[in-house]
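A short worksheet on the structure shown next.
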Amino acid sequence: MKKAQRHPFAETLITWYADHARDLPWRRTNDPYVIWMSEIILQQTRIAQGLPYFYKLTEAFPSVYDLAAADETTLFRLWQGLGYYSRARNLHKTAKYVVDMLGGKFPDSYTELIKLPGVGPYTAAAIASFAFGEASPVVDGNVYRILARYFGIETDILHSSARKEFTALAQELIPSSDPARFNQAIMEFGSLQCSPAPDCGSCPLRTSCVAHRENRINQLPVKSKSKPQRIRQFQYFIIEQDGKVLVHQRQAKDIWQGLWEFFCVESSSIEEAINSHPFLSPLMAHAVALQAPAIHVLSHQKIISAAWLLQLPAEFSFKIPQDYQWILSSEFEQLGKPVLLLNLITDNIALKEILEG
DNA sequence: AATCCGGGGGT
DNA sequence: ACCCCAGGATT
């Protein structure tokens, strides 16, 4: 009876999912806190990359109360290496809000969930369905790909109208009987079966898939090309004195906001960096060049960096630049740092010994 | 509507 | 080299 009302698309996906679902930790719970944590971690992040962070974070903060009470420095250190660090800030902000304003109880509907910092249309739909059984369709990269191919939709998935169109379609397809299972199934299907380079030969939907029938698998989904990456050059000065290192926390609306780093000048040359920061000039007598790091690639920037180690005698006196501070190397280890700096430290024994004892 | 925000893995 | 990843916030 009710099966006849389901679109065969949903029926096939759910059947496929019964045979192919991976055993993932966030699928073993209905706790909205744990599900929320997993969804924030997995935003634009592969499962294999996010999994260790999910274990670390849920162990460090078993409940929303633990997270709300946490020191943000600790959270950033745990988030180190995962990228998109505003997620960590919004995670903390939301935890405090849920504890302080909602008595520790998560909102239980899409409409309320999407009001939380760091929770957008995808994440709100995911939590609402997985934790509360609401029939809100998730629309992530997998869903765009599957629907575009299966129904032959040529809308540019980066166009602002795309989300509305694909969400409306997914809303028609999602069964009211077990919406959470459908959401899990469609994403798993996109990840394992209808991947960017799919195996159509084994696909249970191939006979009714427009893209397969018309041989347009490689043309769908339509996605406009992104701009070329911006190229930047950072000159790092690791200034050490009396067992302490000069550091600062990045604050500007720029990459790595909230992370810590050594004295940094954005400049195409060492000479220009020194000229623009005259206090450096007398310090350079003590400078030793460190191994030139490879180009650090972000999704939208390429960063070329160079670094100098400046170990200053105890009696050497100079005025430290604004917003910088001295920190013991043992404390520096406890701060969140960009992967570029982690690589720099790893690649230079001298630096490693200073910072790690 | 455009742009920005990381890092890593697959092809 | 290019693409994509359980996207969201800001301008």
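In case it helps, UniProt numbering puts the first sequence at residues 1 to 357.
Ideal placement from N, C-alpha and C gives every residue a C-beta, glycine not left out.
Owing to the predicted nature of the structure, the values given are computational and were not obtained by experimental measurement.
Spanning the alpha carbons of residue 332 and residue 140 requires a straight line of approximately 37 angstroms. In the three-state scheme derived from DSSP, where H, G and I count as helix and E and B as strand, residue 265 is classed as strand. The beta carbon of residue 83 sits closer than 7 angstroms to none of the beta carbons in its chain outside the five residues before and after it.
Here residue 55 is exposed. Its C-beta has fewer than 16 other C-beta atoms within 10 Å. Measuring C-alpha to C-alpha distances from residue 63 to each of 161, 35, 169 and 264 identifies 35 as the nearest. Residue 210 sits close to residue 152, with the two beta carbons spaced by under 7 angstroms. In chain order, 135 place their CB closer than 8 angstroms to the CB of residue 176, counting only its own chain and leaving out the 5 sequence neighbours on each side. Contact check for residue 280 and residue 351: beta-carbon distance about 18 angstroms, past the 8 angstroms limit, so the pair fails to qualify. Per the C-alpha coordinates, the member of 160, 325, 39 and 183 positioned closest to residue 21 is 183.
Secondary structure at residue 332: helix, using DSSP grouped into helix, strand and coil.
Here DSSP, grouped into helix, strand and coil, assigns residue 14 to helix. Residue 355 is positioned such that its CB atom lies closer than 7 angstroms to that of residue 345. Cβ contact annotation for residue 146 (same chain, cutoff 8 angstroms, sequence separation greater than five): 186, 189, 190 and 194, in chain order. As the crow flies, the alpha-carbon of residue 120 is around 10 angstroms from that of residue 111. Annotation: the continuous beta strand (DSSP E) that includes residue 240 extends over 230-241. Boundaries of the beta strand (DSSP E) around residue 245: 244-249. As the crow flies, the alpha-carbon of residue 32 is around 53 angstroms from that of residue 314. Remark: fewer than three beta-carbon pairs, one from each stretch, lie closer than 8 angstroms, so the region 62-76 and the region 6-13 are not flagged as touching. Straight-line measurement puts the Cα of residue 295 at about 42 angstroms from the Cα of residue 214. Taking C-beta atoms under 8 angstroms as the contact rule, residue 87 and residue 118 qualify, at a distance of about 6 angstroms.
Non-local C-beta neighbours of residue 348 in its own chain, meaning closer than 7 angstroms and more than five positions away in sequence, comprise 290 and 291, ordered along the chain. Between the region 254-270 and the region 233-245 there are three or more C-beta pairs closer than 8 angstroms, enough to call the two in contact.
Under DSSP, the beta-bridge partners assigned to residue 305 are 234.
For residue 64, the enclosing alpha helix (DSSP H) begins and ends at 64-68. Residue pairing for residue 327: DSSP places it in a beta bridge opposite 245. By a beta-carbon distance limit of 8 angstroms, residue 276 does not contact residue 293. Their separation comes to about 21 angstroms.
Scanning its chain for C-beta atoms nearer than 8 angstroms, with the 5 sequence neighbours on each side dropped, one finds around residue 143 the residues 137, 166, 170, 186, 187 and 190, in chain order.
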